[in-house]
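Enquirer: So that we are looking at the same thing, I have put the structure below in structure tokens.
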Amino acid sequence: VIVRADPPPFLAKGRTAVRNGGKSFLILVVLAAALPVWAQPFTIHWRTESRPAAVEVEGFTPESLRALERTAGTSSAAEWQRMLAVFAQQEDATMAGAIAMPPMAGTWSVQRDRLRFEPRFPLAAGVRYRAEFVPAGGAPVVSYFQLPADNAPPSTRVVQVFPSAAKLPENQLKFYIQFSAPMSRRSVYEHVRLRQDGGDPIELPFLELDEELWDPAMTRLTLLIDPGRIKRGVKPQEDEGAVFEVGKSYTLTIGADCRDAAGRPLREAFEKKIQIVAADRVSPDPKRWKVVPPASGTRDGLVVDFDEPLDHALALRLLARGDGRRWKKASG
Amino acid sequence: MNKSTSFLAISVFALALALPRAGAAPTEMKAGKPELKAANQLAFGPDGILFVADTKSAAIFAIDTGDTKRGAEAATVKAEAVNQKIAALAGTSADQIVIEDLAVNPISRNAYLAVSRGKGPDAIPLLVRVKTDGQPELVTLDNVKFSRADLPNPVAGPQNQRVEAITDLAYSDGRVFIAGLSNEEFASTLRSVAFPFTTVDRGTSVEIYHGAHGAFETRSPVRTFVPYKVGNESQLLAAYTCTPLVQFALDDLKPGAKVMGKTIAEFGAGNRPLDMIVYQKDGKDYLLLANNRHGILKVAADQISGAAAITKQVAGTQGVKFEKIDWAGVTQLDRMDDRYAVVVRSGAANAFNLETLALP
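Residue numbers (this note's numbering), protein chains in the order written: chain A, 734 to 1065; chain B, 24 to 383.
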């Protein structure tokens, strides 16, 4: 979008006023008025195809640009913003009130025949941007820009919930939820539900941490059952009861409204059925594991039968090959 | 099984006392650009030094803010809709701004916020300063004096899925204390490292567990903590995500030692502590604890030092007496001085406000 405005005097008032004081400013404005410095109207251009994106103002005379150049190195952001400011418009209701929002952070430069502003951060889809160029004594030139909002259909899904076993001990502490693509944080607990079959959702079954325990790629969430509701004889358990009871069945649901990193919902909700059996208070014993080596001369896998479900992440991480390299794959 | 034993034994695993290796020289702060991958927790040290916990890098950065001009005694900070103003500065919408932590520079009285621009794996960390004029500004880190301490990570490499989320950070008497929680092992860790930073040794860690129980179910994540002094003895008060307020003496936390923590209050189920501060009023020390469910609780410190340990099962909240303070919607809390606290609290229409409140 390009908005044109009447040609104004050539120098930004802020710059001159700060550098030379009021008197010089007046003289310059008078000079400016006497010279044909606005050979063309100022135009604002959004350069969003290249990286970094930029906002450029064209329409300066060579003389006025040279004047800008001379002071460019010492101008503060506040001084530049009086001439060219770009705003990311905030749509929340508070914005309708009288709270003034600051312009975007970035850097300004004079390039050949134009003034250029590079925002410090990339432009975001769906946000409405407004650029304001204020020529000295002239009417502001305003221009708007908006990248299209992301309307792609949902594609992310839950791949698996670990432990993958259907029967879990009463003192099960941890679940890992593996997603097919990176997710976003700060609302995941709103979309994860645990319900005893035939009953209402259990209130606050999980330990809710502001940090949310994601892996670095943000495709795997660690979900902890509130440890206070596993321990016997401690306060949360006495107040709210244990989360799991032996012999009962439960459904863990990850709702489709859980958002991925692009802000899109999941393709579909995911359900895991759980049957609760007696608590497991015995540490894993590698002596009980059965190791079935591959047949000689084949590329068959090595099979380790653990005898019981193990912690998915720790099993993958802590079972090492003799040569110190990681396994390609391990089962949940 | 002994019910509700409130002594938390603290044994060999998580309070890495981070003894410097023999002869390890402190790391000097050098000018440059600290490559922050995330800014999760903040704490001020001496002389305007800001400690920034970066969970993604598994590191603590010490950044010299140069913000050492003493603020006027009456100076306070206030910024309405601070999340929207930060979004405007960072060129995005307010729903993409996450305020991770707040710390007040005790010298200048300016407020600093650790912020994430975005909620996914590509989120950009920001450091924002709100001066007494109420205008948030981005703190430029392109050329600052800084040093860095890396936390020991048992698993390194690009395939690593293990993360240790840093849940709180505090500076006291030349040491930085760091609480963390792994996304794989269920173990809460509390480390310390000397500042100026020395090479972080794995040192000795301390695991905090419930005395009556064994194995994993005894470990509990520290959510927030505050160092404070009773006489000459340095104490650490730790609030747990799912259990009580626990006190222990820093001097007891020796490598290899087994330390008994003292449970001094139970705040009930389903509550999450958010932040804690200590301040002095009319010659008395007080603790202020912000919670998601119980709001702000004020506890007199003489009650803490003289508190009896809770050693049997309790009904409702119990332990030291506390007073509920009517500050609604507080999500971040830090101490400005003995008279004021700075908070971030929810306001109208998805806005969060940064405010200075007189301490009760």
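C-beta atoms are modelled at their ideal positions from N, C-alpha and C, and glycine is treated no differently.
Out of A:Phe-895, A:Pro-915, A:Gly-806, which has the shortest C-alpha to C-alpha gap to Leu-906 of chain A?
Expert: A:Phe-895
Enquirer: Rounded to the nearest angstrom, how far is the Cβ of Ala-262 of chain B from that of Phe-248 of chain B, given a contact under 8 Å?
Expert: 7 Å
Enquirer: Determine the direct distance from the alpha carbon of Gln-64 of chain B to that of Gly-143 of chain B, and round the result to whole angstroms.
Expert: 18 Å
Enquirer: Pull up the distance between the alpha-carbon of Pro-785 of chain A and that of Ile-348 of chain B, whole angstroms please.
Expert: If I take the Cα positions, the gap works out to 48 Å.
Enquirer: Report yes if the CB atom of Ala-188 of chain B is closer than 8 Å to the CB atom of Leu-204 of chain B, and no otherwise.
Expert: It is a contact, given that the beta carbons lie within the stated cut-off.
Enquirer: Going along the segment 111 to 122 of chain B in order, which residues come within less than 8 Å of chain A, judged by CB to CB distance?
Expert: Cβ contacts with chain A come from Ala-111, Leu-112, Ala-113, Gly-114, Thr-115, Ser-116, Ala-117, Gln-119, Val-121.
Enquirer: On the three-state DSSP scale, how would you describe Trp-1022 of chain A?
Expert: coil
Enquirer: Considering just the uninterrupted stretch of the alpha helix (DSSP H) at Thr-804 of chain A, what are its terminal residues?
Expert: 795 to 805
Enquirer: For the alpha helix (DSSP H) containing Ala-1008 of chain A, name the first residue and the last one.
Expert: A quick correction: the sequence has Gln, not Ala, at residue 1008 of chain A. In the DSSP annotation of this structure, Gln-1008 of chain A is not part of any alpha helix (DSSP H); the continuous beta strand (DSSP E) holding it starts and ends at 1003 to 1010.
Enquirer: Could you give the distance in angstroms between the alpha-carbon of Ser-1066 of chain A and the alpha-carbon of Gln-355 of chain B?
Expert: Not covered by the structure: residue 1066 of chain A. The range shown for chain A is 734 to 1065.
Enquirer: Quick one: what's got a C-beta closer than 8 Å to Lys-252 of chain B's C-beta in the same chain, skipping five residues either side?
Expert: Gln-258
Enquirer: Quick one: which residues of the segment 61 to 78 of chain B get their C-beta closer than 8 Å to a C-beta of chain A? List them in chain order.
Expert: Asn-63, Thr-78
Enquirer: Please list the segments of the beta strand (DSSP E) lying wholly inside the segment 62 to 95 of chain B, counting only runs of 3 or more residues, in order along the chain.
Expert: 64 to 67, 72 to 77, 82 to 87
Enquirer: For a test of the three-state rule: what should DSSP assign to Leu-386 of chain B, helix, strand or coil?
Expert: With chain B represented from 24 up to 383, any question about residue 386 of chain B goes unanswered, as that position is not in the structure.
Enquirer: What's the C-alpha gap between Pro-1042 of chain A and Ile-122 of chain B?
Expert: About 39 Å.
Enquirer: For Thr-286 of chain B, which residues does DSSP report across the bridge?
Expert: Within the DSSP secondary-structure output, Thr-286 of chain B pairs in a beta bridge with B:Val-269.
Enquirer: Along chain B, in chain order, which residues have C-beta atoms closer than 7 Å to that of Asp-948 of chain A?
Expert: Gln-184, Val-186, Asn-206
Enquirer: Would you please state the rounded distance, in angstroms, between the beta carbons of Ala-134 of chain B and Leu-150 of chain B? I believe it to be under 8 Å.
Expert: About 11 Å separates the two Cβ atoms, so there is no contact after all.
Enquirer: Is Asp-349 of chain B near the ligand FAD, in the sense that its beta carbon is under 7 Å from a heavy atom of that ligand?
Expert: This structure does not include the ligand FAD; it has no bound ligands of any sort.
Enquirer: Return yes when the Cβ of Asp-993 of chain A is within less than 8 Å of the Cβ of His-924 of chain A, no when it is not.
Expert: No, the pair does not count as a contact, with Cβ atoms beyond the cut-off.
Enquirer: List the residues of chain B that Phe-854 of chain A touches, going by C-beta distances under 8 Å, in chain order.
Expert: Ala-113, Gly-114, Thr-115, Arg-140, Ile-147
Enquirer: Looking at chain B, is there any beta carbon in it that lies within less than 8 Å of the beta carbon of Ala-857 of chain A?
Expert: Chain B contact via Cβ: present.
Enquirer: Are any of the Cβ atoms in chain A nearer than 8 Å to that of Gly-284 of chain B?
Expert: no
Enquirer: Tell me whether Lys-92 of chain B is buried or exposed, calling it buried when 16 or more other Cβ atoms sit within 10 Å of its Cβ.
Expert: By the beta-carbon neighbour count (other beta carbons within 10 angstroms, threshold 16), Lys-92 of chain B is exposed.
Enquirer: Taking the alpha-carbon positions, what's the Thr-212 of chain B to Val-788 of chain A distance?
Expert: 48 Å
Enquirer: According to the neighbour-count rule (16 or more other Cβ atoms, all chains shown, within 10 Å of its Cβ), is Arg-214 of chain B buried or exposed?
Expert: Buried is the call here.
Enquirer: By Cβ distance, which residues of its chain are closer than 8 Å to Ala-324 of chain B, with the 5 residues on each side in sequence left out?
Expert: Tyr-251, Val-253, Val-301, Lys-307, Asp-308, Tyr-309, Leu-310
Enquirer: Does Val-256 of chain B have its Cβ less than 8 Å from a Cβ in chain A?
Expert: For the record, residue 256 of chain B in the displayed sequence is Glu; it is not Val. Using a Cβ-Cβ cut-off of 8 Å, Glu-256 of chain B does not count as an interface residue toward chain A, since no Cβ of chain A sits closer than that to its own.
Enquirer: Is it buried or exposed, Leu-1035 of chain A, if we count other Cβ atoms within 10 angstroms and call 16 or more buried?
Expert: exposed
Enquirer: Rounded to whole angstroms, what is the Cα-Cα separation between Pro-873 of chain A and Arg-799 of chain A?
Expert: 21 Å
Enquirer: Could you check whether the Cβ of Pro-915 of chain A sits closer than 8 Å to any Cβ belonging to chain B?
Expert: yes
Enquirer: Flag this pair as touching only if the segment 1021 to 1029 of chain A and the segment 936 to 954 of chain A have three or more C-beta atom pairs under 8 Å; answer yes or no.
Expert: no
Enquirer: Excluding five sequence neighbours on each side, which residues of the same chain lie with their C-beta closer than 6 Å to the C-beta of Asp-361 of chain B?
Expert: Tyr-302, Gln-303
Enquirer: Counting only beta-carbon atoms, is Arg-295 of chain B nearer than 8 Å to chain A?
Expert: It does: the Cβ of Arg-295 of chain B has a partner Cβ on chain A nearer than 8 Å.
Enquirer: Would you kindly work out how many angstroms separate the C-alpha atoms of Gly-367 of chain B and Ala-146 of chain B, rounded to a whole number?
Expert: Inspection of the sequence shows that residue 367 of chain B is occupied by Val rather than by Gly. Cα to Cα, Val-367 of chain B sits roughly 21 Å from Ala-146 of chain B.
Enquirer: Please list, in chain order, the residues of the segment 339 to 364 of chain B that have any C-beta partner in chain A closer than 8 Å.
Expert: Residues: none.
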